[in-house]
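Here the structure is laid out as C-alpha coordinates; the discussion comes afterwards.
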Amino acid sequence: MSLKDLNDPEAVLEAIAEYDRLGQDAFLRRYGFGKARTFALIHGGRSYDSKAIVGAAHGYQFGTPLSSKQFSGGLATVVPKLEELGFTVVALALDEQTASIPEEVPNSVWEGARRSVTVNRYERSPAARAACIEHHGSACLICGFDFAQTYGADFQGFIHVHHIVPISKIGEQYEVDPINDLIPVCPNCHAALHYGGKERSPDDIKALLQLPRST
(Lines of atoms letter the chains of each structure in order from A and count residues from 1; the text may use other names and numbers.)
(Lines give C-alpha, C1' and ligand atoms only; values in the text may rest on other atoms or scores of the structure.)
Protein backbone atom coordinates (compact mmCIF):
# COMPACT_ATOMS: atom_id res chain seq x y z
CA MET A 1 0.00 0.00 0.00
CA SER A 2 1.15 3.54 -0.75
CA LEU A 3 -0.08 7.12 -0.56
CA LYS A 4 -2.24 6.72 -3.67
CA ASP A 5 -4.25 3.97 -1.92
CA LEU A 6 -5.41 6.27 0.88
CA ASN A 7 -9.09 6.94 0.15
CA ASP A 8 -10.89 7.09 3.50
CA PRO A 9 -11.57 10.58 4.92
CA GLU A 10 -12.32 8.96 8.29
CA ALA A 11 -8.71 7.80 8.50
CA VAL A 12 -7.58 11.40 8.12
CA LEU A 13 -10.04 12.50 10.81
CA GLU A 14 -8.70 9.82 13.16
CA ALA A 15 -5.15 11.06 12.55
CA ILE A 16 -6.30 14.62 13.28
CA ALA A 17 -7.96 13.46 16.50
CA GLU A 18 -4.74 11.75 17.60
CA TYR A 19 -2.78 14.91 16.76
CA ASP A 20 -5.16 16.88 18.99
CA ARG A 21 -4.78 14.38 21.84
CA LEU A 22 -0.99 14.17 21.72
CA GLY A 23 -0.13 17.70 20.65
CA GLN A 24 2.06 18.61 17.70
CA ASP A 25 5.49 17.70 19.09
CA ALA A 26 4.50 14.29 20.45
CA PHE A 27 2.56 13.41 17.30
CA LEU A 28 5.48 14.31 15.03
CA ARG A 29 7.90 12.34 17.22
CA ARG A 30 5.66 9.30 17.20
CA TYR A 31 5.47 9.17 13.42
CA GLY A 32 8.93 10.53 12.64
CA PHE A 33 7.96 13.67 10.75
CA GLY A 34 9.21 17.24 10.89
CA LYS A 35 7.03 20.31 11.00
CA ALA A 36 5.31 21.33 7.77
CA ARG A 37 7.26 23.96 5.83
CA THR A 38 5.12 24.61 2.75
CA PHE A 39 1.53 23.40 3.22
CA ALA A 40 -0.80 22.99 6.19
CA LEU A 41 -4.01 21.02 6.52
CA ILE A 42 -6.84 23.13 7.95
CA HIS A 43 -9.65 21.51 9.92
CA GLY A 44 -12.00 23.01 12.47
CA GLY A 45 -10.12 26.30 12.40
CA ARG A 46 -6.84 24.62 13.35
CA SER A 47 -3.62 24.08 11.41
CA TYR A 48 -2.01 20.62 11.07
CA ASP A 49 1.23 19.31 9.58
CA SER A 50 -0.16 17.96 6.31
CA LYS A 51 2.42 15.30 5.45
CA ALA A 52 2.48 13.86 8.97
CA ILE A 53 -1.32 13.63 9.05
CA VAL A 54 -1.35 11.74 5.75
CA GLY A 55 1.33 9.32 6.95
CA ALA A 56 -0.60 8.60 10.14
CA ALA A 57 -3.91 8.34 8.27
CA HIS A 58 -2.46 5.58 6.11
CA GLY A 59 -1.89 3.63 9.32
CA TYR A 60 -5.47 4.12 10.43
CA GLN A 61 -6.82 2.85 7.10
CA PHE A 62 -4.37 0.03 6.38
CA GLY A 63 -2.71 -0.75 9.72
CA THR A 64 0.76 0.54 8.83
CA PRO A 65 1.57 4.26 8.81
CA LEU A 66 3.79 5.68 6.09
CA SER A 67 7.15 7.06 7.18
CA SER A 68 8.44 10.40 5.99
CA LYS A 69 10.90 8.65 3.66
CA GLN A 70 8.20 6.58 1.96
CA PHE A 71 6.53 9.50 0.17
CA SER A 72 7.17 13.09 -0.75
CA GLY A 73 5.05 15.99 0.44
CA GLY A 74 3.87 19.05 -1.37
CA LEU A 75 1.79 20.15 -4.29
CA ALA A 76 2.17 17.00 -6.39
CA THR A 77 1.30 14.46 -3.68
CA VAL A 78 -0.09 15.36 -0.26
CA VAL A 79 -2.03 18.46 -1.33
CA PRO A 80 -4.12 16.79 -4.08
CA LYS A 81 -4.65 13.70 -1.92
CA LEU A 82 -6.09 15.71 0.98
CA GLU A 83 -8.18 17.86 -1.37
CA GLU A 84 -9.46 14.70 -3.08
CA LEU A 85 -10.65 13.53 0.35
CA GLY A 86 -12.47 16.81 0.98
CA PHE A 87 -9.97 18.66 3.16
CA THR A 88 -8.59 22.20 2.90
CA VAL A 89 -4.87 22.78 2.43
CA VAL A 90 -3.19 26.20 2.43
CA ALA A 91 0.31 27.35 1.63
CA LEU A 92 2.37 28.47 4.59
CA ALA A 93 3.83 31.97 4.51
CA LEU A 94 7.44 32.28 3.42
CA ASP A 95 7.74 34.66 6.39
CA GLU A 96 10.99 36.61 6.50
CA GLN A 97 12.03 35.47 3.03
CA THR A 98 9.18 37.45 1.51
CA ALA A 99 8.38 40.38 3.77
CA SER A 100 9.72 42.52 6.57
CA ILE A 101 6.48 44.39 7.18
CA PRO A 102 5.83 44.27 10.95
CA GLU A 103 2.10 43.59 10.53
CA GLU A 104 2.64 40.59 8.21
CA VAL A 105 1.12 37.48 9.79
CA PRO A 106 3.43 34.45 9.63
CA ASN A 107 2.18 30.92 10.03
CA SER A 108 2.48 29.83 13.65
CA VAL A 109 -5.92 32.00 18.18
CA TRP A 110 -3.76 34.03 20.50
CA GLU A 111 -1.55 36.75 19.17
CA GLY A 112 0.75 39.31 20.69
CA ALA A 113 3.64 38.99 23.14
CA ARG A 114 5.68 41.70 21.47
CA ARG A 115 9.40 41.12 21.13
CA SER A 116 12.18 43.17 19.59
CA VAL A 117 14.43 41.87 16.83
CA THR A 118 15.65 44.26 14.14
CA VAL A 119 12.15 45.64 13.84
CA ASN A 120 9.17 44.90 16.04
CA ARG A 121 7.75 41.47 15.28
CA TYR A 122 5.07 39.45 16.98
CA GLU A 123 4.47 35.84 17.86
CA ARG A 124 1.33 34.73 16.09
CA SER A 125 -0.74 31.62 15.53
CA PRO A 126 -0.65 29.70 12.20
CA ALA A 127 -4.32 28.90 12.75
CA ALA A 128 -5.21 32.60 12.46
CA ARG A 129 -3.54 32.95 9.07
CA ALA A 130 -4.95 29.64 7.86
CA ALA A 131 -8.51 30.46 8.95
CA CYS A 132 -8.28 33.85 7.24
CA ILE A 133 -7.27 32.25 3.93
CA GLU A 134 -9.81 29.46 4.32
CA HIS A 135 -12.59 32.06 4.63
CA HIS A 136 -11.44 34.83 2.28
CA GLY A 137 -9.45 32.80 -0.25
CA SER A 138 -5.88 33.45 -1.35
CA ALA A 139 -6.46 36.28 -3.83
CA CYS A 140 -5.69 39.84 -2.73
CA LEU A 141 -8.87 41.46 -1.39
CA ILE A 142 -7.66 44.86 -2.56
CA CYS A 143 -6.54 44.33 -6.16
CA GLY A 144 -7.55 40.72 -6.83
CA PHE A 145 -4.04 39.47 -7.59
CA ASP A 146 -3.73 35.68 -7.38
CA PHE A 147 -0.25 34.15 -7.26
CA ALA A 148 -1.30 30.81 -8.76
CA GLN A 149 -3.02 32.41 -11.75
CA THR A 150 0.08 34.47 -12.51
CA TYR A 151 2.98 32.19 -11.55
CA GLY A 152 1.46 28.72 -11.70
CA ALA A 153 0.32 25.93 -9.42
CA ASP A 154 3.45 25.95 -7.24
CA PHE A 155 2.15 29.22 -5.76
CA GLN A 156 -1.36 27.98 -5.01
CA GLY A 157 -2.56 29.43 -1.69
CA PHE A 158 0.37 31.81 -1.18
CA ILE A 159 -0.52 35.34 -0.07
CA HIS A 160 0.35 37.86 2.65
CA VAL A 161 -2.10 38.36 5.52
CA HIS A 162 -2.69 41.83 6.96
CA HIS A 163 -4.11 42.95 10.29
CA ILE A 164 -6.80 45.53 9.59
CA VAL A 165 -6.08 47.06 13.00
CA PRO A 166 -2.32 47.00 13.77
CA ILE A 167 -1.37 44.87 16.75
CA SER A 168 0.64 47.80 18.10
CA LYS A 169 -2.63 49.65 18.71
CA ILE A 170 -4.42 46.77 20.40
CA GLY A 171 -2.21 45.72 23.30
CA GLU A 172 0.11 43.02 24.47
CA GLN A 173 -2.28 40.15 23.79
CA TYR A 174 -5.70 39.74 22.28
CA GLU A 175 -7.82 36.99 20.77
CA VAL A 176 -7.77 37.55 17.03
CA ASP A 177 -10.85 37.07 14.85
CA PRO A 178 -9.29 35.68 11.64
CA ILE A 179 -12.33 36.55 9.52
CA ASN A 180 -12.92 40.12 10.70
CA ASP A 181 -9.43 41.18 11.84
CA LEU A 182 -7.34 39.74 8.99
CA ILE A 183 -7.44 39.99 5.19
CA PRO A 184 -5.32 38.42 2.43
CA VAL A 185 -3.31 40.99 0.46
CA CYS A 186 -0.62 40.80 -2.21
CA PRO A 187 2.89 42.10 -1.37
CA ASN A 188 2.38 45.28 -3.42
CA CYS A 189 -0.87 46.25 -1.72
CA HIS A 190 0.60 45.22 1.63
CA ALA A 191 3.56 47.53 1.11
CA ALA A 192 1.22 50.33 0.04
CA LEU A 193 -0.82 49.91 3.24
CA HIS A 194 2.31 50.69 5.28
CA TYR A 195 4.28 52.89 2.88
CA GLY A 196 5.92 55.92 4.48
CA GLY A 197 5.10 54.73 7.98
CA LYS A 198 1.41 55.44 7.47
CA GLU A 199 -1.37 53.02 8.28
CA ARG A 200 -3.76 53.18 5.34
CA SER A 201 -6.99 51.22 5.12
CA PRO A 202 -7.77 48.71 2.35
CA ASP A 203 -10.36 51.18 1.02
CA ASP A 204 -7.65 53.85 0.84
CA ILE A 205 -5.56 51.62 -1.42
CA LYS A 206 -8.57 50.64 -3.54
CA ALA A 207 -9.28 54.35 -4.08
CA LEU A 208 -5.66 54.96 -5.11
CA LEU A 209 -5.91 52.16 -7.67
CA GLN A 210 -8.91 53.88 -9.25
CA LEU A 211 -7.15 57.21 -9.75
CA PRO A 212 -6.31 58.11 -13.37
CA ARG A 213 -2.65 57.86 -14.24
CA SER A 214 -0.80 60.25 -16.51
CA THR A 215 0.85 58.60 -19.50
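Under the UniProt record's numbering, the first residue of the sequence shown is numbered 1, with each subsequent residue one higher. For glycine and all other residues, C-beta sits at the position ideal for the given N, C-alpha and C.
**Message:** Could you compute how far the alpha carbon of histidine 58 sits from the alpha carbon of glycine 152?
**Reply:** Looking at the two C-alpha atoms, the distance is approximately 29 Å.
**Message:** At 4 residues or longer, what runs of the alpha helix (DSSP H) sit wholly inside the UniProt domain "ScoMcrA-like N-terminal head" (10-90)?
**Reply:** Counting only runs of 4 or more, we get 24-31, 50-62 and 78-84.
**Request:** Could you please give me the residues that DSSP links to isoleucine 183 through a beta bridge?
**Result:** Beta-bridge pairing links isoleucine 183 to His162.
**Message:** Below 8 Å on the Cβ atoms is my contact criterion, and I expect tyrosine 60 with glutamate 14 to pass it. Report the Cβ-Cβ distance as a whole number of Å.
**Reply:** 4 Å
**Prompt:** When we look at the beta-carbon of isoleucine 42 and count the other beta-carbons within 10 Å, is it buried (16 or more) or exposed?
**Reply:** buried
**Per-residue burial, isoleucine 183 [other beta carbons within 10 Å of its own, 16 or more giving buried]** = buried
**Request:** Tell me where the alpha helix (DSSP H) around phenylalanine 147 begins and ends.
**Result:** 147-151
**Prompt:** Exposed or buried, phenylalanine 87, counting other C-beta atoms within 10 Å across all chains shown (16 or more means buried)?
**Reply:** buried
**Request:** Could you say which of Ser2, Ile142 and Ala207 lies nearest to leucine 66 if we only look at CA atoms?
**Result:** Ser2
**Item:** Distance CB(tyrosine 31)-CB(alanine 56) smaller than 7 Å
**Value:** yes
**Asked** Closest by CA to leucine 6, which one among Ser201, Leu92, Leu193 and Phe62?
**Response** Phe62
**Prompt:** Between lysine 198 and the rest of its own chain, which residues show a CB-CB distance below 7 Å, the 5 nearest in sequence each way excluded?
**Reply:** None.
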